[in-house]
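Working notes, beginning with the structure itself.
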Amino acid sequence: MHGILVLATLYSVLPLIWLVTSSTKSVGDFSATSAFEFADFHLFTNLSDLFAREDGVFWYWIRNSLLYAGLGAVLGALICTACGYAIAKLDFPGRKLLLSVTLTGVLVPPTALALPLYLLASHLHLVNTFWAVFLPMLTNPFGVYLARTFADAAVPDEVLEAARLDGAGELRIFFTIALPMMMPGFVTILLFQFVAIWNNFFLPLVMLTDPQLFPMALGIYQWSTRALQFPDYNPLVITGSLLAVVPLIVAFVVLQRQWRSGISAGSVK
Numbered sequence: 001m002h003g004i005l006v007l008a009t010l011y012s013v014l015p016l017i018w019l020v021t022s023s024t025k026s027v028g029d030f031s032a033t034s035a036f037e038f039a040d041f042h043l044f045t046n047l048s049d050l051f052a053r054e055d056g057v058f059w060y061w062i063r064n065s066l067l068y069a070g071l072g073a074v075l076g077a078l079i080c081t082a083c084g085y086a087i088a089k090l091d092f093p094g095r096k097l098l099l100s101v102t103l104t105g106v107l108v109p110p111t112a113l114a115l116p117l118y119l120l121a122s123h124l125h126l127v128n129t130f131w132a133v134f135l136p137m138l139t140n141p142f143g144v145y146l147a148r149t150f151a152d153a154a155v156p157d158e159v160l161e162a163a164r165l166d167g168a169g170e171l172r173i174f175f176t177i178a179l180p181m182m183m184p185g186f187v188t189i190l191l192f193q194f195v196a197i198w199n200n201f202f203l204p205l206v207m208l209t210d211p212q213l214f215p216m217a218l219g220i221y222q223w224s225t226r227a228l229q230f231p232d233y234n235p236l237v238i239t240g241s242l243l244a245v246v247p248l249i250v251a252f253v254v255l256q257r258q259w260r261s262g263i264s265a266g267s268v269k
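98 is the number that full-length UniProt numbering gives to position 98 of the sequence shown; each next residue is one higher, with no gaps.
Written out as structure tokens, the structure is:
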């Protein structure tokens, strides 16, 4: 078992180590050094070229990714948490049907929705705009299902009934009582949303044509296609890929305590 875990760890970590070592190389160093060997330290030169290439378009990609993933993860997690809480704790007609439809949505791959979303965005004149990528990522059926599970486990019905008897409205109950109780679940959904949006590639590829609206994943991919003809793009692609990993690591490190407790709470109903 420990051997399998070591192999799984190496499988996950070695690509990151390769990014770190390769980001220090110039174009000529790729053919002169091995994969995991450090070359002359060109990292700062590569960073300077990365941020200066094409009039600093990489700055736009960083800004867009932070907006898409950061703002989208917070709003999306809040929407999913509210929906899951409503399905779990509010009595309204069609609740079971709504849960069944939500679970069905988990089974639909995101790539299958790209064309319908494009046609809808085209009808609304949102293609090649910020909203064409931002709005579809605010909902996540799996996040709603997780929130429903957390609400069942973490929010006692007696507390909600006591709040209603004291005259509190449903919105106030959710934001002041239920949401703090569901905070580990909220953070878990937020992390899932952040990673999914940050790594989202196909939807921006379909929706966007303006390079200044690209997220980092799509912009780096565009540069990687040019690297076959222009080798000087190779250090930029690798250095940009390394920078694209950093926010994910920071998010997990900062929120790991809440995330771990959320996973534990969500595993037991």
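A virtual CB, placed ideally from N, CA and C, is assigned to each residue, including glycine.
Pair within 7 Å by beta-carbon distance, residue i and residue j
i, j, result
"residue 216", "residue 132", "no"
"residue 150", "residue 105", "no"
"residue 203", "residue 114", "yes"
"residue 140", "residue 80", "yes"
"residue 214", "residue 61", "yes"
"residue 134", "residue 68", "yes"
"residue 75", "residue 126", "no"
"residue 270", "residue 193", "Here the chain covers residues 1 to 269 and nothing more, so residue 270 does not appear."
"residue 148", "residue 88", "yes"
"residue 218", "residue 205", "yes"
From the options, residue whose alpha carbon lies closest to that of residue i
i, options, result
"residue 50", "200, 220, 172", "220"
"residue 155", "169, 205, 179", "179"
"residue 145", "7, 188, 41", "188"
"residue 72", "198, 141, 169", "198"
"residue 45", "240, 228, 13, 256", "240"
"residue 55", "256, 212, 228, 70", "212"
"residue 66", "248, 255, 252", "248"
"residue 15", "227, 242, 5", "242"
"residue 257", "2, 183, 5", "183"
"residue 210", "94, 158, 11, 57", "57"
"residue 196", "158, 70, 6", "70"
"residue 270", "230, 42, 17, 159", "Within the shown structure, residues of the chain are numbered from 1 to 269, placing residue 270 beyond reach of any answer."
Assigned secondary structure, residue i (DSSP; H/G/I helix, E/B strand, else coil)
i, result
"residue 139", "coil"
"residue 16", "helix"
"residue 214", "coil"
"residue 229", "coil"
"residue 71", "helix"
"residue 84", "helix"
"residue 111", "helix"
"residue 25", "coil"
"residue 53", "coil"
"residue 252", "helix"
"residue 32", "helix"
"residue 176", "helix"
"residue 64", "helix"
"residue 129", "coil"
"residue 1", "coil"
"residue 90", "coil"
"residue 156", "coil"
"residue 42", "coil"
"residue 104", "helix"
"residue 170", "helix"
"residue 9", "helix"
"residue 124", "coil"
Pairwise C-alpha distance: residue j and residue i
i, j, result
"residue 110", "residue 167", "42 Å"
"residue 267", "residue 152", "In this prediction, residue 267 has a pLDDT of 44, which is less than 50 and means its spatial position is unreliable; nothing more can be read from the coordinates."
"residue 123", "residue 143", "28 Å"
"residue 245", "residue 92", "43 Å"
"residue 164", "residue 119", "44 Å"
"residue 63", "residue 40", "30 Å"
"residue 117", "residue 98", "21 Å"
"residue 191", "residue 90", "26 Å"
"residue 53", "residue 223", "11 Å"
"residue 32", "residue 250", "33 Å"
"residue 108", "residue 102", "10 Å"
"residue 3", "residue 128", "48 Å"
"residue 136", "residue 10", "35 Å"
"residue 100", "residue 6", "39 Å"
"residue 112", "residue 130", "21 Å"
"residue 157", "residue 48", "57 Å"
"residue 96", "residue 176", "26 Å"
Minimum Cβ-Cβ distance from residue i to chain B less than 7 Å
i, result
"residue 257", "Absent here is chain B; the protein component of the structure consists of one chain."
### Query
So, do the region 27 to 43 and the region 224 to 235 have three or more beta carbon pairs nearer to each other than 8 Å?
yes
### Task
State whether the region 5 to 24 contacts the region 32 to 42, with contact taken as three or more CB pairs (one from each stretch) at a distance under 8 Å.
yes
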